[in-house]
Amino acid sequence: MAGYNFKRIESKWQKKWEKSRIYEAEFPSKKKKWYSLFEFPYPSGDGLHVGHLRPYIGLDIISRKRRMEGYNVLFPIGWDAFGLPTENYAIKTGIHPEKVTKKNTDNFRRQIKSVGPSLDWSREINTTDPDYYKWTQWIFLKFFEHGLAYKANMPINWCPKDKIGLANEESVGGKCERCGTETIKKDKEQWMLKITAYAEKLLAGLKDVDYLETIKTQQVNGIGKSEGALIPFEIKNPWPGRQISLAGQANIKNGGVEVFTTRPDTLFGVTYVVLAPEHELISKLKTQISNLWEVEKYIAESKKKPEQERVVEGGEKTGVELKGVRAVNPANGKDVPVYVADYVLANYGTGVVMAVPAHDERDWEFARKFKLPVKMVICPNYPEPTCPPLTAAYTGGGRLVDSGKFNGMESEDAKQAITHFVAGKKEVKYKLRDWVFSRQRYWGEPIPLIFCENCASNPKLKDPWPGRQKSKLSLGEEMNPGWIPVADLPVKLPKVKDFRPGENGESPLASLEKWVKTKCPKCGKPARRETDVMPNWAGSSWYFLRYVDPKNKKEFANIKKLEYWMGAALPSRSSKSEGGVDWYNGGMEHVTLHLLYSRFWNQFLYDIGLVPHREPYRKRTAHGMILGEGGIKMSKSKGNVVNPDDMVNIYGADSLRLYEMFMGPFDQAIAWDSKNMEGVSRFLGRVWSFAVEKEITKDSVGGRLEPLINRTIKKVSEDIETMAFNTAVSSLMIFMNECRNEERIPQKVWARFLLLLAPFAPHIAEELWSMLKHKKSIHLEPWPTYDPELIHEETFELIVQVNGKVRAKVSVKRGISEVEAKELAMKAPGAAEYVARGIVKIVFVPNKLINFVVK
RNA sequence: GCUCGGGUGGCGGAAUGGUAUACGCGCAACACUUAAAAUGUUGUGAGGUUCAUCCUCAUGAGGGUUCGACUCCCUCCCCGAGCACCA
């Protein structure tokens, strides 16, 4: 019989599987469903490297096991193909992104197929396909209708040299990626999605899902909820005769500011107040600021600074006092100086901070630099009479001191009491900002809105188009006067000649006057199209929904199919809303944004009754990155990219799969080492030669190998569930090593080994399975089970310890009693002499060890 | 700075509080071969000791809990990832 010819075997079975379509998901089906998902790739021009494949192989193993366990498995793939690299390539070469995308996806598809994953290719999707992005646009309009999309003035990164707007990822460290010029912020009208409206729900939803703890933490941090209070500070009028006119907040009588704080208990410790440079109060107080020129100079400088520099680590705090302006502490009526400093952020809280240097690190630092007083009001070790002098800010809790009638109160209680005392109010703030949904770019989904001057000035004038509620504006139209949804989706991306963004920071689409000029779908008067496109994140925010019904022309997905695959039901049918993708794996780098965005879309669609499940993913795990040899990131420029094509050529797909799983823990970053491919390759070679050289008997009992195969089944089954693929592979190797001594093996044992091997090395397992004269694919056979009674040998090595140190080993029967074990162990050479010293205590662990504690 | 991981042979890494170093790479010796490759067999933490044996020391450092600690607790050092002036 010939040697292990992986090339022949692999191409043979890949063709057969494709033809027999054994990996395609069924619908309808009476079986239990299973939906496993990996993050669909961005098809870059560089092709796949071995790192991309790790999560695919891992989930393929899980999916294959589920299929063998009798589930109806949905394991789909698609392409997240809109994006900047393709667009930039188009700008450079003039080749249309569509062509580039086609070429790249073809290459990716070929590469992925070459490792034989059990993907359902009949459900392949592509975010750049108009049949797909029609629904991305459609969902966007749903957001619009429900008042969750709005236009706002938001800064974009602008390169003054290239005269183009840059995406955040192109403005590296505040510099233009192409020419290195420092970018500046330029205000532009942009579409926003109101994700902040879902902050609380996104937080609450985490309770029902099974994400890795670190992933949950990142979600929580990304949302950044903090509970605190708004406290009013009045601005003292230095010239009592003169009237100061200030647009006051609700609960400030004479004008002033509200501060947001999470520590109202420290209010008596406030020694100054700080405004963000952008704060509007500064211009309103102009006439009172005696050092106005200095203040304005500071503001101008800090505006020039790119955000990165403003937030340098350990950077010296800067600021300027507003001379002539004082703020009044509502707790004690005392007035404190007011500063402007850029360590206060304009877009968080109210843009004003009450500074408590004694109990806040940033304020401490600032106060030290500007020699401002530090007043301690929280004492950590009360009732000790004296509090230790502060050498740093104390940010913990304790009891209040030097705080008037609140002295002695617990800081937690004081939060409420003091807020109430100064007529402040409780307030919750989030770090999460609304999502800037516009890109002034080409290669993205056009935003399907039209601006109509006529409708803007006469909002209720005309009837809407057929099929919509008559005489009532949607929330989106109310909020964004004149913006009218396109009636016929998709809005196809028009062809352009020049893919460069426009001179004034507009999308290349803005240059297509013919396309831009259109008729209002509502009143029929001349109108203009929105020329911005959606960000990369749009298509990936809902792709997991499309997989259940990828070819549907009428809906983004059929509700029956959604209910089946997500394992949940619409509220009208059942109260079961927990469901979603059963297992979603992806990179750690997407754990904040992509996860947040897609959870937001799904929750919104759930709220408006379009999907049955509240949360998109039941379980989320993350794989570790594969680094180049030497432990550095694989990149073209470093020349350390390992191409899977080469590995498949030299060692075969099964070896590559096995090595990627064997190299180390799945969730940890690990350096590639092609040398180590030898090990798994030899293992498969041994499996092959064993199968062809040794006798496979028809015995109906497992014989000597029965305990080992049972242990192996247990280990492999459990390890797959925890993604401990490396130890699963090693236990397969251990089994094979043990077999080497055998001249014949019962088919009963061998078959179970092949079944365990099948998810890892599907081609060789299938070939060897067919050599056992099986007609059906091994991948449709039931997963083997083990008998807990059979996993142990009859005898074991009893470890004999003296004072916790191993002194002897004795081979004894399983289930030996303590008394018997003691007898044998005491006589064991190596232990006897110690035991003679006199036993103080004996510790006996059944079927494992006996420990003599001696003098 | 904060949060979460991690630190074990020459290397990748294993170990429900119970034989540390599984499995693999590499290396060495041997077998097969005219020879090499491939393959197979055996050995392989360090130091000492003996013909076999045995002893001591080793899981980033230092303490602690325990009959027994890579594992649990405290202090500190280093590496990686994420967040980063969010009041």
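Position one of the first sequence corresponds to residue 1 (the UniProt record's numbering), numbered consecutively onward.
Glycine is no exception: its CB is placed at the ideal position from the N, C-alpha and C atoms.
Bear in mind the structure is a predicted one, so any value in this text is a computation, not a measurement.
Buried or exposed, going by whether 16 or more other CB atoms sit within 10 Å of the CB of residue i?
i              : result
glutamate 321  : buried
histidine 420  : exposed
lysine 715     : buried
alanine 825    : buried
valine 843     : exposed
serine 29      : exposed
leucine 267    : buried
aspartate 120  : buried
isoleucine 125 : buried
serine 474     : buried
Just to check my reading of the structure: residue i and residue j have Cβ atoms closer than 8 Å, yes? What is that Cβ distance to the nearest angstrom?
i              : j            : result
arginine 620   : leucine 596  : Contact flag wrong, Cβ pair sits at about 12 Å.
isoleucine 450 : proline 521  : 6 Å
glycine 630    : alanine 669  : Going by Cβ atoms, the distance from glycine 630 to alanine 669 rounds to 13 Å, so no, they are not a contact pair.
lysine 694     : arginine 744 : 6 Å
lysine 134     : proline 485  : About 13 Å; that fails the 8 Å criterion.
alanine 423    : proline 130  : Contact flag wrong, Cβ pair sits at about 57 Å.
Could you compute how far the alpha carbon of residue i sits from the alpha carbon of residue j?
i              : j                 : result
aspartate 787  : asparagine 710    : 7 Å
serine 730     : glutamate 823     : 37 Å
lysine 560     : lysine 103        : 35 Å
glutamate 477  : leucine 230       : 33 Å
leucine 37     : phenylalanine 144 : 29 Å
glutamine 137  : tyrosine 394      : 51 Å
valine 73      : valine 642        : 31 Å
alanine 199    : asparagine 347    : 16 Å
tyrosine 4     : aspartate 434     : 57 Å
lysine 462     : glycine 624       : The pLDDT assigned to lysine 462 is 46, lower than 50, so where the model puts this residue is not dependable, and the model offers no usable value.
threonine 318  : alanine 341       : 6 Å
proline 85     : serine 700        : 60 Å
isoleucine 696 : valine 845        : 39 Å
histidine 774  : leucine 780       : 11 Å
valine 336     : glutamate 234     : 11 Å
aspartate 488  : lysine 31         : 39 Å
valine 680     : leucine 756       : 16 Å
proline 571    : asparagine 552    : 23 Å
valine 692     : phenylalanine 604 : 58 Å
asparagine 536 : leucine 562       : 24 Å
lysine 7       : phenylalanine 82  : 35 Å
serine 540     : threonine 127     : 8 Å
leucine 658    : tyrosine 606      : 40 Å
tryptophan 158 : threonine 183     : 5 Å
valine 209     : phenylalanine 370 : 48 Å
valine 591     : glycine 703       : 49 Å
If I measure Cβ to Cβ from residue i and keep anything under 7 Å in the same chain, skipping five residues before and after, which residues do I get?
i                 : result
proline 41        : His52, Trp79, Asp80 and Phe108
phenylalanine 379 : The identity of residue 379 in the sequence shown is cysteine, whereas the question assumes phenylalanine. Only Cys387, Gly398, Arg399 and Val401 meet the Cβ criterion.
isoleucine 62     : Ser36, Trp583 and Ile720
valine 854        : Val802, Asn803, Tyr834, Val835, Arg837, Gly838, Ile839 and Val840
isoleucine 9      : His763, Ile764 and Glu767
alanine 557       : Leu545, Arg546, Val548 and Asp549
leucine 754       : Ala765, Leu768, Trp769 and Ile778
methionine 479    : Gly147 and Tyr150
arginine 686      : Met736
Closer than 8 Å by C-beta to residue i: which residues in its own chain qualify, once you throw out the five before and the five after it? Chain order, please.
i              : result
proline 707    : Leu790, Ile791, His792 and Glu793
lysine 286     : Leu292
alanine 392    : Glu361 and Trp364
asparagine 640 : Gly628, Glu629, Gly630, Ile632 and Met634
So, at 6 Å on beta carbons, what are the nonlocal neighbours of residue i in its own chain, with the 5 sequence-adjacent residues on each side left out?
i                 : result
lysine 185        : Pro155
glycine 586       : Glu39
phenylalanine 600 : Ile195 and Tyr198
valine 100        : Thr86 and Tyr89
* Indicate whether the contact test is met: 3 or more Cβ pairs, each with one atom in the region 434–443 and one in the region 527–543, closer than 8 Å. => yes
* To do: Assess, as a yes-or-no matter, whether the region 110–121 is touched by the region 44–58 under the definition of 3 or more beta carbon pairs within less than 8 Å.
  => As far as the Cβ criterion goes, the region 44–58 touches the region 110–121, which means the pair count is three or higher.
* Would you say the region 606–617 touches the region 636–650, given that touching needs at least three Cβ pairs under 8 Å? -> no
* Just checking, does the region 256–273 make contact with the region 215–231 on the three C-beta pairs under 8 Å criterion? -> yes
* Are there three or more Cβ pairs, one per stretch, closer than 8 Å when the region 203–223 is compared with the region 183–192? -> no
* With a cut-off of 8 Å, do at least 3 Cβ pairs link the region 403–422 to the region 496–509? -> For the pair of segments examined, the region 403–422 was found not to touch the region 496–509: the number of CB pairs separated by less than 8 Å stays below three.
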